[in-house]
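**Student:**
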Amino acid sequence: MYGLGLGAGLPFILNRTSAALAAQALEGTSVEKHPNRILVVIELSGGNDGLNTVVPFGDAAYYQARPKLGIPEREIIKIADGFGFHPSMVGFERLYKDGNLAIVHGCGYDHPSLSHFSSMGFWHTGVPNGGESLGWLGRVADETLDPKQRNLIVNLGTSQSLAVRSRQHSPLVFDDPARFRREGTDAEKQTLAELSQARSTTNAALDFLAATAHNATESSDFVRRASAAYRTPVDYGQGGGLAGNMQRVAALIAAEMPARLYYVTYQGNNFDTHVQQADLHSRLLMYTADAVRGFIDDVKRLGRGDDVAVMIFTEFGRRVEENGSLGTDHGTATPMFIVGKGVKGGMYARHPSLTDLDDGNLKMTTDFRRVYATMIDEWLGCSQTSTILKGQFATFKVFA
Amino acid sequence: MIRRLHRTVFIVLLSSFCAFTVAASASMAPAADEWAGDLSPISASDWSYERAAHLIERAGFGATPEEITRLAAMTPERVVNGLVDYEAIDASGLKPFDESVIWDPGMDPFPPSRAEAVRRAREHGEGLGEKILPVGTQRRLQPVVDKFFYSLTANNIETQRLGLWWANRMLASPRPLEEKLTLFWHGHFATGQNKVRDYRMMFQQNRMLRANASGNLRTLLVGILKDPGMLVYLDNGENIKSHPNENFGRELLELFSMGVGNYSERDVREAARAFTGWTNDVLTYKFDAEQHDFGDKTFLGRTGPLNGEDIIDTILAQPVTGEYVAGKLYRYFVREDISSEVKADLGRSFRASGYQIKPLMRRMLLSKDFYSTPSVATQIKSPVHLVVSTYKKMGLREVPTIPDFGRMTGGLGQTLFEPPNVAGWAGGRTWITPATLLQRGNLFRDVMFPDVKGFRPPDRAMSATDTRVGERLAQGMNITEATREGDAESNKMVDRDEDYNTRYGGYAGNLLAFKRTKLIPRQSAAIDLTAMVIAARADTADKVVDHFARRFLSVPLAQKDRALLVSFLRDKLGSSTVKPGDTLESSLRELLYLVLSTPEYQLG
Numbered sequence: 230m231y232g233l234g235l236g237a238g239l240p241f242i243l244n245r246t247s248a249a250l251a252a253q254a255l256e257g258t259s260v261e262k263h264p265n266r267i268l269v270v271i272e273l274s275g276g277n278d279g280l281n282t283v284v285p286f287g288d289a290a291y292y293q294a295r296p297k298l299g300i301p302e303r304e305i306i307k308i309a310d311g312f313g314f315h316p317s318m319v320g321f322e323r324l325y326k327d328g329n330l331a332i333v334h335g336c337g338y339d340h341p342s343l344s345h346f347s348s349m350g351f352w353h354t355g356v357p358n359g360g361e362s363l364g365w366l367g368r369v370a371d372e373t374l375d376p377k378q379r380n381l382i383v384n385l386g387t388s389q390s391l392a393v394r395s396r397q398h399s400p401l402v403f404d405d406p407a408r409f410r411r412e413g414t415d416a417e418k419q420t421l422a423e424l425s426q427a428r429s430t431t432n433a434a435l436d437f438l439a440a441t442a443h444n445a446t447e448s449s450d451f452v453r454r455a456s457a458a459y460r461t462p463v464d465y466g467q468g469g470g471l472a473g474n475m476q477r478v479a480a481l482i483a484a485e486m487p488a489r490l491y492y493v494t495y496q497g498n499n500f501d502t503h504v505q506q507a508d509l510h511s512r513l514l515m516y517t518a519d520a521v522r523g524f525i526d527d528v529k530r531l532g533r534g535d536d537v538a539v540m541i542f543t544e545f546g547r548r549v550e551e552n553g554s555l556g557t558d559h560g561t562a563t564p565m566f567i568v569g570k571g572v573k574g575g576m577y578a579r580h581p582s583l584t585d586l587d588d589g590n591l592k593m594t595t596d597f598r599r600v601y602a603t604m605i606d607e608w609l610g611c612s613q614t615s616t617i618l619k620g621q622f623a624t625f626k627v628f629a
Numbered sequence: 008m009i010r011r012l013h014r015t016v017f018i019v020l021l022s023s024f025c026a027f028t029v030a031a032s033a034s035m036a037p038a039a040d041e042w043a044g045d046l047s048p049i050s051a052s053d054w055s056y057e058r059a060a061h062l063i064e065r066a067g068f069g070a071t072p073e074e075i076t077r078l079a080a081m082t083p084e085r086v087v088n089g090l091v092d093y094e095a096i097d098a099s100g101l102k103p104f105d106e107s108v109i110w111d112p113g114m115d116p117f118p119p120s121r122a123e124a125v126r127r128a129r130e131h132g133e134g135l136g137e138k139i140l141p142v143g144t145q146r147r148l149q150p151v152v153d154k155f156f157y158s159l160t161a162n163n164i165e166t167q168r169l170g171l172w173w174a175n176r177m178l179a180s181p182r183p184l185e186e187k188l189t190l191f192w193h194g195h196f197a198t199g200q201n202k203v204r205d206y207r208m209m210f211q212q213n214r215m216l217r218a219n220a221s222g223n224l225r226t227l228l229v230g231i232l233k234d235p236g237m238l239v240y241l242d243n244g245e246n247i248k249s250h251p252n253e254n255f256g257r258e259l260l261e262l263f264s265m266g267v268g269n270y271s272e273r274d275v276r277e278a279a280r281a282f283t284g285w286t287n288d289v290l291t292y293k294f295d296a297e298q299h300d301f302g303d304k305t306f307l308g309r310t311g312p313l314n315g316e317d318i319i320d321t322i323l324a325q326p327v328t329g330e331y332v333a334g335k336l337y338r339y340f341v342r343e344d345i346s347s348e349v350k351a352d353l354g355r356s357f358r359a360s361g362y363q364i365k366p367l368m369r370r371m372l373l374s375k376d377f378y379s380t381p382s383v384a385t386q387i388k389s390p391v392h393l394v395v396s397t398y399k400k401m402g403l404r405e406v407p408t409i410p411d412f413g414r415m416t417g418g419l420g421q422t423l424f425e426p427p428n429v430a431g432w433a434g435g436r437t438w439i440t441p442a443t444l445l446q447r448g449n450l451f452r453d454v455m456f457p458d459v460k461g462f463r464p465p466d467r468a469m470s471a472t473d474t475r476v477g478e479r480l481a482q483g484m485n486i487t488e489a490t491r492e493g494d495a496e497s498n499k500m501v502d503r504d505e506d507y508n509t510r511y512g513g514y515a516g517n518l519l520a521f522k523r524t525k526l527i528p529r530q531s532a533a534i535d536l537t538a539m540v541i542a543a544r545a546d547t548a549d550k551v552v553d554h555f556a557r558r559f560l561s562v563p564l565a566q567k568d569r570a571l572l573v574s575f576l577r578d579k580l581g582s583s584t585v586k587p588g589d590t591l592e593s594s595l596r597e598l599l600y601l602v603l604s605t606p607e608y609q610l611g
């Protein structure tokens, strides 16, 4: 039914011809303002303690709520107006001083969920307390990027994040590039590569699968080679997981991967610091700050500094008051970060009050979708921001 | 100019290609192209092996050629009636779930967090069925913390066992549509164990969904909204008169019944008020009148002291509800794209029948539309369907446990009892990424060539941290030393004073869970491809490839791909003839791995 009896070469001709036509049709018709720009989103899973990340040391209520976990003022890396970074975040200090880092205070949403799972789902979909099945970055791709072009979304992680789930695009998801491969003997792999050629039939699902299979064969090789070959003098710090993944992103950018959206997870719910959080949290923040600083330095070195912006989020902050186990429990509002050479550094939005609380939790001052809108509208230059986010959200003029 | 030339060439090639396709398919599927959108039933004269195969693929988990041949010899009405009226079929031969005893009385009701478990234990001197140690004892709350982590791990393991039990039911049940519908409702009324933390609730919900899978939508809605697992999953215990929680009402409207855009935010709030006080006492539904708001509500234009069931009835009176649910069933069983006419038609008849599911299923499965070209072999198999149907087509009677079933489907994005969120699995193309597509093939290489020695059972696997703690304890270290991570002096100080050590709790909890949960017996697939090809009288490489294609693929192979597979097998065997011998079985397994890794195989 699908090409039975046709000459063996024909499907290839068809495919090349249609690809060439598609490319020509798109030429000059692109609506994108910034076709070279890349957005990298970093997820700090587990619920990062925002109050010990960007510390409101100027507010006595902070030390009252945190008698044991409060960071002593003398140790804080002061930035402005009674706020400072956790002492281990020298990487962020550098970025902030260079004017490449924006802090957005008090990010959250109405009726916050304290469940990791639910709250992360809300951040992933960008639809709090709703049942959206596609991710916000997936919808960005659906609205703005050419569905015929491959590998526009890369997700470094063990499984695909809901954030990148798209109607039209197939994100390239992998964890260890060395394991992103087809198993089998050389003869098996060779035959499968030939069986996975892109084709043009009357069955659209089959064409999609064949194109993805062909892409998988090619891109897994590409990703493996790009990662194995990458050498950089930049130090990404010691945080194996995140540092390694950020370096993989740089390697792909260096190898001219066409991806526009990268999604990187700090694996394993690490930021869920219920118990004895001080040392652990300090390490996590150091790794994060060093990896991001290293990445920004590295892309600048590659000559792509102007094309790359990073957005960092977590599913919720933690309770204002420390708990009895030298840790903190699930909370609500928390800062987000936007990093990159094109960023107008500084602090944005109002920090939530530490005393006017909702059942011990911060009242958010900033709907997190305003930050998403900033990335979509100002950074990627997309005009359909309100369609993607299913509502109007004012941007912060971080990039203007 | 050049562009125009290209296009002309393209169109010429395309039209000759289409002309051929039509000619080729005409002999196999008369009129199938014009059937799209036609809900009238197909006639017995249109019935064929291919159509029976399509039906059993969608209304079940596929079948062996022998079974399909049997169905093809009947009339379509009889086959569909047999599938839909499945209560008439005796299913008592199916194995019941062999539960481990992991819950003891003190564990109910289970605290929402470890912190809460500790707080309660401090207050009452005991928690989770464990007494705390006397004042002055080191780590006096440790037994409670151990028990907390034990419960998490034990429920995870028991849920893995439950998933395997269900997979075996999908494979072996003489009522395939019952299981397929239950899987549909599980995705529609998505509830996840990782939040519920109680396999018993998952099992109970699974039985409720199965018992009503082809019954009545109202019964299902009432059943799910009173289901303890769902009540916990959507935090309806927190939906109380003084603080209505909109979550429950919102999911009911948006995901379970009407779909977004058909109600207002006010309707959501009013619905939430009507469901205040709907809660659970562990495994039973409880109406807490104290927390229920008996006041007047206005919901979708109806005003009065509405309760939860009034809300459900008001929802069922909306035409959009019939369309939404019937449309979702259509997209699951027939195809992704539904025309507005078909949707309206199915929705109308579904509502007119009082929301009976059986007549709707019968109508869809018998319709010409179901057998039309755009419906056949265009659906990307879900991971659970992919794995179960492969085993079914191999003729297996039991789900192999090396490789592990849950790991296989989980790696592809679908773990039974763990949907990604309340919206369920998005399905369709979202199953496919370049990495999962490679993985979809790799899995079956593991089935064909199982690594029995290197296999690590996930139901007995510890995290790296827990393993490290265990190793250090075995070396004779004390708990403080064994659980220390990092080098800080303060860590040591803190551990000496604290009432419990969480890291040790995680480790000890694992050990107890391993002891109390029943072990999953591990065995690789009992496949005999040699016997399969002999029985099929496939004595040449060509015939073997054709047999595998017929048995496993819903989409015919292109001639060039068929030729590639034939030459692969010929190279392996060193000849075109297939004779029993030392290397035959492994050659056939390599070939089957290739067939199961093709893009074609992902479609059902």
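First to last, the sequence lines map onto chains S and L.
As numbered in the numbering used here, the first sequence has no gaps in its residue numbers, which increase by one up to the final residue, 629.
As numbered in the numbering used here, the second sequence has no gaps in its residue numbers, which increase by one up to the final residue, 611.
Cβ coordinates follow ideal geometry from the N, Cα and C atoms, glycine included.
Remember, predicted model here, so these are calculated numbers, not experimental data.
1. To the nearest angstrom, how far is it from the Cα of Asn-223/L to the Cα of Asp-588/S?
2. Is the shortest distance between the beta-carbon of Asp-111/L and the beta-carbons of chain S less than 8 Å?
3. Give me the Cβ distance between Arg-284/L and Gln-298/L, rounded to the nearest whole Å; I'm assuming they're in contact under 8 Å.
4. Given a limit of 8 Å on CB to CB distance, which residues of the region 488-515 of chain S reach chain L?
5. To which residues does DSSP link Val-493/S through a beta bridge?
6. Whose Cβ in chain L lies nearer than 7 Å to the Cβ of Asp-558/S?
7. Got a sec: is the Cβ-Cβ distance from Gln-212/L to anything in chain S below 8 Å?
8. Per DSSP, what are the beta-bridge partners of Thr-490/L in this structure?
9. Identify the contact partners of Lys-202/L in chain S, using a Cβ-Cβ distance below 7 Å as the criterion.
10. Please report whether the beta-carbon of Glu-488/L lies at a distance below 8 Å from any beta-carbon of chain S.
11. Cβ of Val-429/L less than 8 Å from any chain S Cβ?
12. With 16 other CB atoms within 10 Å as the buried threshold, where does Ala-252/S fall?
13. Sort out for me which residues DSSP pairs Trp-285/L with in a bridge.
14. On the DSSP bridge list, what partners appear for Ser-374/L?
15. So, does the CB of Leu-445/L fall closer than 8 Å to a CB anywhere in chain S?
16. Starting from Ile-300/S, trace the alpha helix (DSSP H) both ways and give me its first and last residue.
17. Rounded to whole angstroms, what is the Cα-Cα separation between Pro-410/L and Arg-460/S?
18. How would you list, in chain order, the residues of chain A whose beta-carbon sits under 9 Å from the beta-carbon of Asn-449/L?
19. Which class does Glu-485/S belong to by DSSP, given the choice of helix, strand or coil?
20. Val-108/L: buried (16+ other C-beta within 10 angstroms of its C-beta) or exposed?
21. For the candidate residues Ala-294/S, Glu-261/S, His-263/S, Val-319/S, whose alpha-carbon lies nearest to that of Arg-512/S?
22. According to DSSP, is Gln-363/L part of a helix, a strand, or is it coil?
23. Output needed for Gln-167/L: all residues of its chain with C-beta closer than 6 Å, excluding positions within five of it in sequence on either side, in chain order.
24. Return the residue from the list Asn-162/L, Asp-317/L, Val-332/L, Asn-517/L that minimises the CA-CA distance to Ser-221/L.
25. Hey, would you say His-195/L sits closer than 8 Å to Lys-365/L, going by beta carbons?
26. Just checking: is the beta-carbon of Gln-293/S within a distance shorter than 8 Å of some beta-carbon in chain L?
27. Mind checking if Ala-416/S is an interface residue toward chain L, Cβ cutoff 8 Å exclusive?
28. Quick one: grab the DSSP three-state call for Met-565/S.
29. So, helix, strand or coil for Met-349/S, using DSSP?
30. Determine whether the Cβ of Ala-251/S lies closer than 8 Å to any Cβ atom of chain L.
31. Given this structure, state the Cα-to-Cα distance separating Val-29/L from Ala-565/L, to the nearest angstrom.
32. Evaluate Ala-124/L with the Cβ neighbour count: other Cβ atoms within 10 Å of its Cβ, from every protein chain shown; 16 or more gives buried, anything less gives exposed.
33. Indicate whether Pro-316/S and Glu-302/S have their beta-carbon atoms separated by less than 8 Å.
34. Give me whichever residues DSSP pairs with Asp-587/S in a beta bridge.
35. Counting only beta-carbon atoms, is Arg-276/L nearer than 8 Å to chain S?
36. Within the 8 Å Cβ cut-off, does Thr-616/S reach chain L?
**Tutor:** For this structure:
1. Start at 1 with the first residue of the second sequence, and residue 223/L comes out as number 216. Start at 1 with the first residue of the first sequence, and residue 588/S comes out as number 359. Distance between the alpha carbons of Asn-223/L and Asp-588/S: 42 Å.
2. For the purposes of this step, residue 111/L is taken as the residue at position 104 of the second sequence. By this cut-off, Asp-111/L is not an interface position.
3. Residue 284/L sits at position 277 when you count from the first residue of the second sequence. Residue 298/L sits at position 291 when you count from the first residue of the second sequence. The sequence as given places Gly at residue 284/L; Arg does not occur at that position. Their Cβ separation, rounded to whole angstroms, is 4 Å, which keeps Gly-284/L and Gln-298/L in contact under 8 Å.
4. His-503, Val-504, Gln-505, Ala-507, Asp-508, Leu-509, Arg-512
5. Translated into the one-based positions of the first sequence, residue 493/S becomes position 264. Per DSSP, Ile-271/S, Leu-385/S.
6. Position 329 of the first sequence, counted from the start, is the residue given in the question as residue 558/S. Those within 7 Å of Asp-558/S in chain L are Ala-122.
7. Numbered from its first residue, the second sequence carries residue 212/L at position 205. Chain S contact via Cβ: absent.
8. If you number the second sequence from 1, residue 490/L lands on position 483. Answer by DSSP bridge pairing: none, since Thr-490/L is not bridged.
9. To locate residue 202/L, count along the second sequence from 1; it is residue 195. Chain S residues near Lys-202/L: Ser-344, Phe-346.
10. Working through the second sequence from its first residue, we reach residue 488/L at position 481. So no, Glu-488/L is outside the interface.
11. Indexing the second sequence from 1 puts residue 429/L at position 422. Answer yes: the Cβ-Cβ gap between Val-429/L and chain S drops below 8 Å somewhere.
12. Looking up residue 252/S in the first sequence gives position 23. The pLDDT assigned to Ala-252/S is 42, lower than 50, so where the model puts this residue is not dependable, and the model offers no usable value.
13. Numbered from its first residue, the second sequence carries residue 285/L at position 278. Looking at the DSSP assignment, Trp-285/L forms a beta bridge with Phe-294/L.
14. Walking along the second sequence from the start, residue 374/L turns up at place 367. Per DSSP, Pro-48/L.
15. By one-based count along the second sequence, residue 445/L stands at place 438. Closer than 8 Å: yes.
16. Along the first sequence, read from residue 1 onward, the residue named residue 300/S stands at position 71. Note, Ile-300/S: premise wrong, no alpha helix (DSSP H); not H, not E.
17. Your numbering for residue 410/L matches position 403 in the second sequence. Your numbering for residue 460/S matches position 231 in the first sequence. Spanning the two alpha carbons is a distance of roughly 37 Å.
18. No chain A appears in the structure shown, which is made up of the protein chains S and L.
19. What you label residue 485/S is simply residue 256 of the first sequence in a count that begins at 1. Looking at Glu-485/S - three-state DSSP - the assignment turns out to be coil, as it is neither helix nor strand.
20. Start at 1 with the first residue of the second sequence, and residue 108/L comes out as number 101. With fewer than 16 Cβ atoms within 10 Å of its Cβ, Val-108/L is classed as exposed.
21. Stepping through the first sequence from its first residue, residue 512/S is reached at position 283. The shortest C-alpha separation from Arg-512/S is found at Val-319/S.
22. For the purposes of this step, residue 363/L is taken as the residue at position 356 of the second sequence. Gln-363/L: strand per DSSP, three-state reduction.
23. Numbered from its first residue, the second sequence carries residue 167/L at position 160. Gly-413, Asp-466, listed in sequence order.
24. The residue you call residue 221/L lines up with position 214 of the second sequence. Cα-wise, what sits closest to Ser-221/L is Val-332/L.
25. On the second sequence, residue 195/L is found 188 positions in, with the first residue counted as 1. On the second sequence, residue 365/L is found 358 positions in, with the first residue counted as 1. It is not a contact, given that the beta carbons lie outside the stated cut-off.
26. Working through the first sequence from its first residue, we reach residue 293/S at position 64. Chain L, which has no Cβ nearer than 8 Å to the Cβ of Gln-293/S, makes this no.
27. One-based indexing of the first sequence puts residue 416/S at position 187. Yes, contact with chain L.
28. In the first sequence, counting from the first residue as 1, residue 565/S sits at position 336. Correct three-state label for Met-565/S: strand.
29. On the first sequence, position 120 is the one that residue 349/S refers to. Of the three classes helix, strand and coil, the one that applies to Met-349/S here is helix, per DSSP.
30. Along the first sequence, read from residue 1 onward, the residue named residue 251/S stands at position 22. Here Ala-251/S scores only 43 on pLDDT, less than 50, and its place in the model is too uncertain to base an answer on.
31. What you label residue 29/L is simply residue 22 of the second sequence in a count that begins at 1. What you label residue 565/L is simply residue 558 of the second sequence in a count that begins at 1. Low local confidence applies: a pLDDT of 36 at Val-29/L is under 50, so the model's placement there is unreliable, and no value is given.
32. By one-based count along the second sequence, residue 124/L stands at place 117. That one is buried.
33. The sequence position of residue 316/S within the first sequence is 87, counting from 1. The sequence position of residue 302/S within the first sequence is 73, counting from 1. Contact flag unset, no.
34. The count along the first sequence starts at 1 and reaches residue 587/S at position 358. DSSP lists Asn-590/S as partners of Asp-587/S.
35. Here the question's residue 276/L lines up with position 269 in the second sequence. Closer than 8 Å: no.
36. Translated into positions along the first sequence, residue 616/S becomes position 387. Answer no: the Cβ-Cβ gap between Thr-616/S and chain L never drops below 8 Å.
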